[in-house]
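So the protein lines, in turn, are chains A and B. Residue numbering for the first sequence follows UniProt numbering, starting at 1 and increasing by one per position. Residue numbering for the second sequence follows UniProt numbering, starting at 1 and increasing by one per position. Where is the CB? At the ideal position from N, CA and C, for every residue including glycine.
Number of protein chains: 2
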Amino acid sequence: MGRWEPDARGRMIRAAMELFAERGFEQTTAGDIAESAGVTERTFFRHFADKREVLFDGSATMERTAYDAILAAPDHLSPLDAALAGMVTGGGLLEDLRDHAVRRSRIIAANPSLQERELLKLAAMVDATTEALRKRGVTEPAASLAAHSAVTVFHVAFARWVSAEEPPGLAECIAEAAAALRALR
Amino acid sequence: MGRWEPDARGRMIRAAMELFAERGFEQTTAGDIAESAGVTERTFFRHFADKREVLFDGSATMERTAYDAILAAPDHLSPLDAALAGMVTGGGLLEDLRDHAVRRSRIIAANPSLQERELLKLAAMVDATTEALRKRGVTEPAASLAAHSAVTVFHVAFARWVSAEEPPGLAECIAEAAAALRALR
Numbered sequence: 001m002g003r004w005e006p007d008a009r010g011r012m013i014r015a016a017m018e019l020f021a022e023r024g025f026e027q028t029t030a031g032d033i034a035e036s037a038g039v040t041e042r043t044f045f046r047h048f049a050d051k052r053e054v055l056f057d058g059s060a061t062m063e064r065t066a067y068d069a070i071l072a073a074p075d076h077l078s079p080l081d082a083a084l085a086g087m088v089t090g091g092g093l094l095e096d097l098r099d100h101a102v103r104r105s106r107i108i109a110a111n112p113s114l115q116e117r118e119l120l121k122l123a124a125m126v127d128a129t130t131e132a133l134r135k136r137g138v139t140e141p142a143a144s145l146a147a148h149s150a151v152t153v154f155h156v157a158f159a160r161w162v163s164a165e166e167p168p169g170l171a172e173c174i175a176e177a178a179a180a181l182r183a184l185r
Numbered sequence: 001m002g003r004w005e006p007d008a009r010g011r012m013i014r015a016a017m018e019l020f021a022e023r024g025f026e027q028t029t030a031g032d033i034a035e036s037a038g039v040t041e042r043t044f045f046r047h048f049a050d051k052r053e054v055l056f057d058g059s060a061t062m063e064r065t066a067y068d069a070i071l072a073a074p075d076h077l078s079p080l081d082a083a084l085a086g087m088v089t090g091g092g093l094l095e096d097l098r099d100h101a102v103r104r105s106r107i108i109a110a111n112p113s114l115q116e117r118e119l120l121k122l123a124a125m126v127d128a129t130t131e132a133l134r135k136r137g138v139t140e141p142a143a144s145l146a147a148h149s150a151v152t153v154f155h156v157a158f159a160r161w162v163s164a165e166e167p168p169g170l171a172e173c174i175a176e177a178a179a180a181l182r183a184l185r
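Structure, rendered in structure tokens:
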């Protein structure tokens with residue numbers, strides 16, 4: 001990025017969040033976001049494949065962080081515990097961003113095409129987690145089942161974290177959802 | 001449907017499967033499917049919202065069957081066991097259709113837009129299962145977690161059923177995946 005665009009990415013994300021909340025997601029174009037952030041449409045598309053991706057900016061980083069944490073988890077951890085360690089470390093990236101997460105969740109809840117994109121991101125997180133567990137030597141079907149279970153725990157914990165009145169931190173929400181999952185059997 | 005269209009729906013599904021396998025999904029239009037099945041395009045769209053839906057014809061029926069089975073499951077079953085009973089009963093609809101399921105899975109595996117639709121159908125099955133568990137008096141987060149876990153078991157079992165060389169029946173694949181899930185903790 002040129003020096004004339006300090007934090008262009010951050011400005012586009014903030015502009016998009018405001019426009020989506022004010023006008024609605026469908027009524028906002030990539031051009032509107034670029035204009036509001038003071039960049040060209042070409043700059044917008046150098047950063048984001050489409051306007052939906054603005055809301056999933058951190059997901060690739062989170063996926064990579066979780067993947068690395070699973071590989072780095074102590075050897076004695078069970079596949080599920082290793083996968084959950086990945087969710088806690090990945091979720092740690094969001095811990096200080098709850099206000100943003102709450103606003104983002106409201107926008108997604110109002111738009112089926114965004115919910116669809118979210119399902120794809122969650123499926124990608126399951127795949128990355130499965131792959132990390134296989135690298136730890138976990139065989140099938142345990143790798144897939146543990147990965148799905150851990151991402152489910154994250155999904156349920158995250159939903160509580162953004163919707164409850166005064167929730168504990170995301171890490172605590174993940175720990176409580178994991179305990180509830182274990183209590184199911 | 002008029003009497004001049006005996007099993008038009010079945011003919012459209014069979015025609016679509018053949019065309020998707022021969023020409024590829026992207027290269028096949030709704031008009032091609034209608035023509036090959038000997039119906040008008042208008043008839044096609046009276047049955048299916050788009051050409052993707054042809055491959056998900058049974059999913060609403062399966063969802064309803066699973067939902068009813070969960071409500072009808074014995075009171076003493078745990079939330080997870082009730083949800084799994086729903087998967088087994090729903091999966092029972094497919095037990096005699098393995099050849100169709102194998103062909104269908106190959107078509108879906110080759111097309112990202114079909115994989116996306118499959119994720120939406122699985123998410124709808126999680127929602128229906130959660131709703132059925134809530135009707136049984138299960139509270140959150142147990143209802144969501146048990147529903148996600150049961151659909152994951154179904155998903156993993158189904159993948160094995162359609163990809164293994166000589167798999168046992170789908171019900172047996174579900175039972176084995178459920179046992180592997182329990183063994184995770």
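N-terminal and C-terminal residue of the alpha helix (DSSP H) that residue i is part of
| i | result |
| --- | --- |
| T130/B | P112 to K135 |
| E41/B | E41 to H47 |
| T89/B | P79 to G92 |
| R11/B | A8 to R23 |
| T61/A | S59 to A72 |
| H148/A | A142 to S163 |
| R98/A | R98 to A109 |
| E172/A | L170 to A183 |
| E35/B | A30 to A37 |
Rounded distance between the beta-carbons of residue j and residue i, thought under 8 Å
| i | j | result |
| --- | --- | --- |
| E63/A | A124/A | 6 Å |
| L133/B | P79/B | 5 Å |
| A34/B | F44/B | 4 Å |
| A66/A | T129/A | 7 Å |
| P180/A | A142/B | In the sequence as presented, Pro is not what sits at residue 180/A; that position holds Ala. That pair is a contact at about 6 Å. |
| K135/B | L71/B | 6 Å |
| A171/A | V88/A | 5 Å |
| S113/B | R52/B | 7 Å |
| L120/B | L119/A | 7 Å |
| A69/A | G91/A | Not really, about 10 Å apart at Cβ, beyond 8 Å. |
| V162/B | V102/B | 5 Å |
| E19/B | D32/B | The amino acid at residue 19/B is misidentified as Glu; the sequence shows Leu. That pair is a contact at about 6 Å. |
Amino acids of chain A, ordered along the chain, whose beta-carbon sits closer than 9 Å to that of residue i
| i | result |
| --- | --- |
| A156/B | Per the sequence shown, residue 156/B should be read as Val rather than Ala. Result: E140, P141, S144, L145 and H148. |
| T61/B | Under the 9 Å cutoff, chain A gives no residues; its nearest Cβ is about 22 Å from T61/B. |
Residues that residue i contacts on chain B, provided the C-beta gap is smaller than 7 Å
| i | result |
| --- | --- |
| E116/A | E116 and L120 |
| R185/A | L80, R182 and R185 |
| A109/A | Those within 7 Å of A109/A in chain B number zero; the least Cβ separation is about 13 Å. |
| T29/A | Result: empty, since nearest Cβ-Cβ is about 23 Å, beyond 7 Å. |
Chain-ordered neighbours of residue i on chain B, where CB pairs are closer than 8 Å
| i | result |
| --- | --- |
| R103/A | What R103/A touches in chain B: nothing, since even the nearest Cβ is about 23 Å away. |
7 Å Cβ cut-off: residues of chain A touching residue i
| i | result |
| --- | --- |
| P123/B | Contrary to the premise, residue 123/B reads as Ala rather than Pro in this sequence. Within chain A, the residues near A123/B are L119. |
| T40/B | What T40/B touches in chain A: nothing, since even the nearest Cβ is about 30 Å away. |
| L130/B | The question names Leu, yet the displayed sequence has Thr at residue 130/B. In chain order: nothing, as chain A lies at least about 10 Å away. |
| residue 188/B | Here chain B comprises residues numbered 1 to 185, so residue 188/B is not present and cannot be evaluated. |
Interface residues of chain A facing residue i [CB-CB closer than 8 Å]
| i | result |
| --- | --- |
| T65/B | Correct list: empty, because the minimum Cβ distance to chain A is about 22 Å. |
Closer than 8 Å to chain C by CB, residue i
| i | result |
| --- | --- |
| T152/B | Looking at the structure shown, chain C is missing, and the protein chains on hand are A and B. |
The ligand MG heavy atom lying under 7 Å from the CB of residue i
| i | result |
| --- | --- |
| L19/A | You won't find the ligand MG in this model; it holds no ligand whatsoever. |
Open item on the list: Would the region 33 to 47 of chain B count as touching the region 7 to 16 of chain B if we require 3 or more Cβ pairs under 8 Å?
Closed with: yes
Task: chain A contacts made by the region 76 to 90 of chain B, where a contact means CB separation under 9 Å - done: S78, P79 and L80
Task: Inter-stretch contact at 8 Å, needing at least 3 Cβ pairs: the region 154 to 172 of chain A / the region 140 to 159 of chain B - done: yes
TODO: Select from the region 161 to 179 of chain B all residues with a C-beta closer than 7 Å to any C-beta belonging to chain A, and list them in chain order.
DONE: A177
Open item on the list: Below 8 Å, how does it come out for the region 79 to 95 of chain B and the region 105 to 113 of chain B: are there three or more Cβ pairs, yes or no?
Closed with: no
Open item on the list: For the region 91 to 107 of chain B against the region 44 to 54 of chain B, do three or more pairs of beta-carbon atoms, one drawn from each stretch, fall closer than 8 Å, so that the two count as touching?
Closed with: no
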